[in-house]
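Trainee: Residue numbering for the sequence shown follows numbering that gives the first Met the number 0, starting at 0 and increasing by one per position.
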Amino acid sequence: MKSELSFADDFKRRISEIKTTRWIRFGLVSLVFLLWVAWMGTWWLAIFELLLFDIYITGYIPFTWWKKSKSKVTRSVMSWVDAIVYALILVYFVFAFIGQNYQIPSSSLEKTLLTGDYLWVNKFVYGPRVPMTPVNFPLVHNSFMGHKSYLDNPSVPYRRLKGLRNVEEGDIVVFNFPAGDTVATKFEETPNYYELLVKQYGRDAVHNNKTMFGDIIYRPVDRRQNFVKRAVALPGQRLKIVADTLYIDGEAREFPKNVQFNYIFALSSPLTDDDLKELGMAVHDLTAFPANTPSRANIQSFLPGASVSDPAYLAPLTEEMIERLRGEGRLRSYVKFNQVAPYFMGADLTSMIFPYGENGNWTLSDYGGAEGLLIPAKGMTIELTPDNWTIYQRCIRNYEGHSDAHFDATLNKVIIDGQPADSYTFGMDYYWMMGDNRDNSQDSRFWGFVPEDHIVGTPMIVLASFDQERSLFDGKIRFNRILRSANPDK
């Protein structure tokens, strides 16, 4: 009877039977793995090198048992399972640490980025976050077939790996929606986030009417909705807006090349479908005031030089679009909508601007007060007052973990962790994000600061682009945008 080999002899036999090409493959995989471990800075992960050694060299764990099966069906099915598992593992690591695709769902950055653009988002440039909810269904963000696509536990505290640089002023940034921590599931994909719903309907109504609002749930940071905006102010800077112009630390900033604002304008002839194509104007962004109608007459006083019979519109326009209409001799008159908005909207919009009506004279076009709004920076200490508590309370409570922090009107002091506090030192950097489509962008002017732990990455290129208002044979595929820079102003 043949005697069994000792472990040492069996180990030597397995080593000796390995081909040179497999040793090379093992060496390359090990190098990548150990570089990743060094990048993570978590050296205990190196123990998994033993698993790689067994997979590629010794083969004690029978991962490929199915290759010896007598059943052709088993071998065929398991070969597909094996390939899919390897692919999913690779995709998981690429999406978590290198980058991933992202679709532009709204017009907030038009004309820089268009609704229907598919972007490659680079996570490496700012340093990727270590996944905070590491157990999740692959290739989906936060829901799958109507259910959460991730497990709340185990969870990992926020940590960002070393990247190439920090967020710079003017970067287009993908980030998790800060106000998306609590969500009404039936409104999660709409602009009506939880705080606005509570403001409009009341907390009890939102929580007790599941038919209308769905379940009220909490989303971890990395499972909140993805937004994309331009970083216009950085940690430690002061921001204010005067007549739509941004001032950072008192210095005016130039508008991005494709910035656009809402205008009411009158033309000598109606806009046609061809006009919309040539101007790059989306149908859903256009409101018409037909000639000789009450709505047209209502805006006549704001359009000097135009006849009441001239067709008029409300739409976002860039300077290039205005010059084109003027060059064609069709532009009778125009006015920025924000200049006349109080006539139409009163104080309704002001009450929804961050910090939600506490600064009653702040508007989308004139924002931040005389001194400007101070953007928090890591290590910065501020004095806490009744006035600035309304501005920084969400940072302190929701983003930095002091959930019981509140303002005590009796003591006229802020209470943090059960103790009166005259000052607070921030634990994270914060950013101010705005869209280039300034009057149609739900951005920091509505919901405030973006904490550093919400930063995902920056879009690099447009992979593909589809016009949702066009058919396949009528310009649906925007071929001129494929592989274009996703941040042309940088």
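In this text, a Cβ means the ideal position worked out from N, Cα and C, and glycines have one as well.
Return the Cβ separation of residue 411 and residue 385 in integer angstroms, given the expectation that the two are a contact with Cβ distance under 8 Å.
Mentor: Against the sequence shown, residue 411 aligns to sequence position 412. Against the sequence shown, residue 385 aligns to sequence position 386. Contact flag correct, Cβ pair sits at about 7 Å.
Trainee: For the alpha helix (DSSP H) holding residue 91, just list the boundary residues, first then last.
Mentor: The residue given as residue 91 occupies position 92 in the sequence shown. Taken as a continuous stretch (DSSP letters only), the alpha helix (DSSP H) holding residue 91 covers 71 to 96.
Trainee: Report back the beta-carbon spacing between residue 282 and residue 468 to the nearest angstrom; my notes put them in contact at under 8 Å.
Mentor: Here residue 282 refers to the residue found at position 283 of the sequence shown. Here residue 468 refers to the residue found at position 469 of the sequence shown. That pair is a contact at about 5 Å.
Trainee: Starting from residue 293, trace the alpha helix (DSSP H) in both directions and tell me its first and last residue.
Mentor: Counted from its first residue, the sequence shown places residue 293 at position 294. Run containing residue 293: 293 to 297, per the alpha helix (DSSP H) assignment.
Trainee: Find out if the Cβ-Cβ distance for the pair residue 340, residue 264 is shorter than 8 Å.
Mentor: Sequence index remark: in the sequence shown, residue 340 carries index 341 (1-based). Sequence index remark: in the sequence shown, residue 264 carries index 265 (1-based). Contact: no.
Trainee: Please look up how many angstroms separate the CB atoms of residue 36 and residue 454, rounded, as I've assumed it's under 8 Å.
Mentor: Your numbering for residue 36 matches position 37 in the sequence shown. Your numbering for residue 454 matches position 455 in the sequence shown. Taking a contact as a CB-CB distance under 8 Å, the pair residue 36 and residue 454 does not count as one, their CB atoms being some 24 Å apart.
Trainee: May I ask you to verify whether the region 73 to 80 touches the region 424 to 439, counting CB pairs closer than 8 Å and requiring at least 3?
Mentor: Not touching, per the Cβ criterion.
Trainee: Kindly give me the distance between the Cβ atoms of residue 371 and residue 237, rounded to whole angstroms, as I take these residues to be in contact under 8 Å.
Mentor: Here residue 371 refers to the residue found at position 372 of the sequence shown. Here residue 237 refers to the residue found at position 238 of the sequence shown. Indeed they touch by this definition, with Cβ atoms about 4 Å apart.
Trainee: Mind checking residue 496: buried by the 16 CB within 10 Å criterion, or exposed?
Mentor: No information on residue 496 is available, as it lies outside the stretch 0 to 489 that the chain covers here.
Trainee: Tell me residue 454's beta-bridge partners as DSSP assigns them.
Mentor: Position 455 of the sequence shown, counted from the start, is the residue given in the question as residue 454. 174, per the DSSP bridge assignment.
Trainee: Kindly indicate the opening and closing residues of the beta strand (DSSP E) around residue 366.
Mentor: On the sequence shown, position 367 is the one that residue 366 refers to. Where residue 366 is concerned, there is no enclosing beta strand (DSSP E), given that its DSSP letter is neither H nor E.
Trainee: Take residue 242 as the anchor and find which of 323, 124, 98, 368 has the nearest alpha-carbon.
Mentor: Taking the first residue of the sequence shown as 1, we reach residue 242 at position 243. Of the candidates 323, 124, 98, 368, the one whose C-alpha sits nearest the C-alpha of residue 242 is 368.
Trainee: Do residue 442 and residue 228 have their C-beta atoms closer together than 8 Å?
Mentor: Looking up residue 442 in the sequence shown gives position 443. Looking up residue 228 in the sequence shown gives position 229. Result yes, Cβ atoms of residue 442 and residue 228 sit closer than 8 Å.
Trainee: If you compare alpha carbons, which of 323, 320, 268, 273 is closest to residue 309?
Mentor: Looking up residue 309 in the sequence shown gives position 310. Ranking the options by Cα distance to residue 309, first place goes to 268.
Trainee: What did DSSP end up calling residue 482 once you bin it into helix, strand or coil?
Mentor: In the sequence shown, the residue the question calls residue 482 occupies position 483. Annotated three-state conformation of residue 482 is coil, per DSSP.
Trainee: Please return the same chain residues whose Cβ sits closer than 6 Å to the Cβ of residue 1, not counting the five positions on each side in sequence.
Mentor: Against the sequence shown, residue 1 aligns to sequence position 2. Its pLDDT being 49, under 50, residue 1 is placed unreliably in this model, and the coordinates cannot settle the point.
Trainee: So the candidates are 466, 381, 389; which of them puts its Cα closest to the Cα of residue 425?
Mentor: As a working mapping, residue 425 is identified with position 426 in the sequence shown. It is 381 whose Cα lies nearest to the Cα of residue 425.
Trainee: What do you get for residue 99, buried or exposed, if any count of 16 or more other CB atoms within 10 angstroms of its CB means buried?
Mentor: Locating residue 99 in the sequence shown gives position 100, where the first residue counts as 1. Buried, because 16 or more other Cβ atoms sit within 10 Å of the Cβ of residue 99.
Trainee: According to DSSP, residue 352 sits in a beta bridge with which residue or residues?
Mentor: Counting from 1 along the sequence shown, the entry for residue 352 is found at position 353. Answer by DSSP bridge pairing: none, since residue 352 is not bridged.
Trainee: Rounded to the nearest angstrom, how far is the Cβ of residue 456 from that of residue 231, given a contact under 8 Å?
Mentor: In the sequence shown, the residue the question calls residue 456 occupies position 457. In the sequence shown, the residue the question calls residue 231 occupies position 232. Actually they do not touch by this definition, with Cβ atoms about 18 Å apart.
Trainee: Suppose contacts are defined by Cβ-Cβ distances below 8 Å. Is residue 361 in contact with residue 352 by that definition?
Mentor: For the purposes of this step, residue 361 is taken as the residue at position 362 of the sequence shown. For the purposes of this step, residue 352 is taken as the residue at position 353 of the sequence shown. Result yes, Cβ atoms of residue 361 and residue 352 sit closer than 8 Å.
Trainee: Out of 33, 240, 414, 74, state which residue places its alpha-carbon closest to the alpha-carbon of residue 537.
Mentor: No answer is possible for residue 537: it lies beyond the span of the chain, which begins at 0 and ends at 489.
Trainee: For the region 275 to 328, which segments carrying the beta strand (DSSP E) assignment without a break, of at least 3 residues, lie completely within its bounds, in sequence order?
Mentor: DSSP runs (the beta strand (DSSP E)) wholly in the region 275 to 328: 286 to 288, 311 to 316.
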